[in-house]
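Trainee: Before anything else, here's the structure in question.
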Amino acid sequence: QGPGKGKPMSAPFKPIQRTWENDLVLPNGYKYNIIASYGDEINSKGEKFGDSADLTLYFPIDSLKGGNNSEEGLIWVNHEFPEPANYMKMLGINEATFKKENLANYPELLKMEKESVGGSVIHVKKEKDGWKLVKNDKYNRRVDGTTPIELTGPALGSKAVNGATKVFGSLGNCSGGRTLWNTALSCEENTTYGSSYGWPNFDDTHYGWVVEVDPFDPTKPVRKHTALGRFAHENAAVGLTKDNRVVVYMGDDQKDECFYKFISKKIYNPSSREANFDILESGTLYVANMEKQKWLPIDYATNPNLQAKFKDQADVLTNARAAARIVGGTLLDRPEDVEISPRDGSVFLALTNNSKHGNFHGQIVRYFPADGDHGSESFTFEVFVAGGQQSGITCPDNLHFDKKGNLWVVEDYEATEDNVYAAYKNCGVFLIPTDGKSYGEPFQFASGPKGCEVTGPWLTADERTLFLDVQHPATWNAYPGYDFGRSCLVAVQGGSFGKYF
Ligand code: FEO
Ligand code: CA
Ligand code: CA
Ligand code: CA
């Protein structure tokens, strides 16, 4: 069987085939509607939905009362990176003669770039003809490349971050996660984006952190938690240890980087939301050693090798990659998204690919914490799905579980007619059972428009809506009056998503 061939299994949807079609293609009986696209106004201040949508975190509108409203809620969306070439077209700047070193001379372009990144909070509602953005709602707001953000934790005000206690803006916001106390964690992936785009006065020690946002309270400061380390943060999968401390599993998405977890010092308080607001400010950062099957603490106080190389824990956390190597972290094939299975607490990590090692198709690895305890320092692991011809998927990126523990997987690669990804065509969305007779068999649910990756899968609690983001489509959903596509947030409906397998 070739890539993407529908498996002979009675899935409740008929798996689609790989396609080059320039649309979000879905199985028969399913349809999508676009909720918000880059440039759409979201509030009366004139703030606009940002670019390069990634990560969708849905918060039922009644979630602070413990509710699970599946037809109205707030959504946090990341806006990962700017698209300067598109903005130059809109501003009439000649891209051929533009030099990023001169960006300060193009204040309108710099403004568009900074306003395109970060994230959005939007109020959304299910209507008869699809999910809609509630316009001018009090919750609708932006965090962008200029927003004042507080640092917390060991590196706050330290030399390692050049004394910063407050920084401006968030960028490289890739994936993230929802906390148990209903805040959004947004992960800053590419710490060097600012300098690569030529942003003036850019200090990259102020980026590469996990950012916490309260979607329900626009007055609460946005914070970057230095206790979780600084690297190319892909995501943050939140759970609890057996003794009720908070665990956060995190990937560092670059070739030959590590898999991390943070364990809070404080115990989670399920009865007071506010009591948990500082829980990510102190704790221990660990890195995975696969050979020993151990989580190794990255702790200056107890590790002489770290003491020999770094000034203090702030220095260690700000340079977490170098510290992880010293401690003995295993270098992996681009650790992207991580999710904890609702079925058995095993931890799934997408290793998207590593062209340095000839691993073009990646794999999904499943970790079993010792005694089923996320607090344990030991684990075992196995490869759950290997990308390539046999499974039919390639380059797994974002992951999401439905309630039954089926894994939803999106892909990220750039296929051309003659490269290693040619047979896979456009990036897809797959459902993979993690138990039963179809264990590990991908069923294709969607195929994205040309040039895009589909990101941010998220199911409502009733499992009747699947949110997805379409990031960097080539021409699909074109910006009015232009030939380039617009990133957007979509809602997919048609059947129940959770009834499978
Ligand atoms: Fe931004 Fe790791 O993808
Ligand atoms: Ca991406
Ligand atoms: Ca990603
Ligand atoms: Ca990716």
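Counting from 1, position 33 in the sequence shown corresponds to residue 69 in the UniProt record's numbering; the numbering is continuous, with no gaps.
Built from N, CA and C at the ideal position, the CB exists for glycine as well.
(1) Which residues does DSSP pair with THR188 in a beta bridge?
(2) How many Å lie between LEU60 and GLU310 at the Cα?
(3) Which residues, in chain order, sit with a beta-carbon under 7 Å away from any heavy atom of ligand 4?
(4) Answer yes or no: the CB of CYS210 versus the heavy atoms of ligand 3, is any distance below 6 Å?
(5) Comparing the CB of GLU375 with every heavy atom of ligand 1, is any distance shorter than 6 Å?
(6) Kindly identify the DSSP beta-bridge partner or partners of THR422.
(7) Between the alpha carbons of GLY82 and SER73, how many angstroms are there, rounded?
(8) Could you give the distance in angstroms between the alpha-carbon of TYR515 and the alpha-carbon of HIS269?
(9) Please classify LEU100 as buried or exposed, where buried requires at least 16 neighbouring CB atoms within 10 angstroms.
(10) Please classify GLN480 as buried or exposed, where buried requires at least 16 other C-beta atoms within 10 Å of its C-beta.
(11) Checking contacts by CB at 7 Å: is SER211 closer than that to chain C?
(12) In the DSSP output, which residue or residues are listed as bridge partners for LEU495?
(13) Per DSSP, what are the beta-bridge partners of ALA514 in this structure?
(14) Considering only the alpha carbon of each residue, which of PRO63, ILE315, THR55, VAL153 lies closest to SER532?
(15) Taking only three categories from DSSP, how would you classify VAL363?
(16) Whole alpha helix (DSSP H) runs in the stretch 289-353 with 4 or more residues, listed along the chain?
(17) Since ALA121 is in the alpha helix (DSSP H), which residue starts that stretch and which ends it?
(18) Evaluate GLY319 with the Cβ neighbour count: other Cβ atoms within 10 Å of its Cβ, from every protein chain shown; 16 or more gives buried, anything less gives exposed.
(19) What is the DSSP secondary structure of GLU224, reduced to helix, strand or coil?
(20) For the structure I just gave you, are there three or more beta carbon pairs, one from the stretch 233-252 and one from the stretch 196-206, closer than 8 Å?
(21) Taking 6 Å as the line, does the beta carbon of GLU225 fall inside it for any heavy atom of ligand 5?
(22) For the stretch 145-212, which segments carrying the alpha helix (DSSP H) assignment without a break, of at least 4 residues, lie completely within its bounds, in sequence order?
(23) State the Cα-Cα distance for the pair GLY38 and THR501, rounded to the nearest angstrom.
(24) Using a 10 Å radius around the Cβ and a threshold of 16 neighbouring Cβ atoms, would you call GLU163 buried or exposed?
(25) Using beta-carbon positions only, say whether GLU137 and GLY234 come within less than 7 Å of one another.
Mentor: With the structure as the only source:
(1) HIS261
(2) 40 Å
(3) ASP289, GLU372, THR388, ASP433, ASP448, GLU489
(4) yes
(5) no
(6) First, the amino acid is wrong: residue 422 is Ala here, not Thr. Beta-bridge pairing links ALA422 to GLN399.
(7) 15 Å
(8) 30 Å
(9) exposed
(10) buried
(11) In the structure shown, chain C does not exist; there is a single protein chain.
(12) LEU502
(13) GLY521
(14) PRO63
(15) helix
(16) 340-345
(17) 120-127
(18) buried
(19) strand
(20) yes
(21) As for ligand 5, it is missing from this structure, which binds only ligand 1, ligand 2, ligand 3 and ligand 4.
(22) none
(23) Note that GLY38 has pLDDT 36, beneath the 50 cutoff, so the model's placement of it is unreliable and no number is given.
(24) exposed
(25) yes
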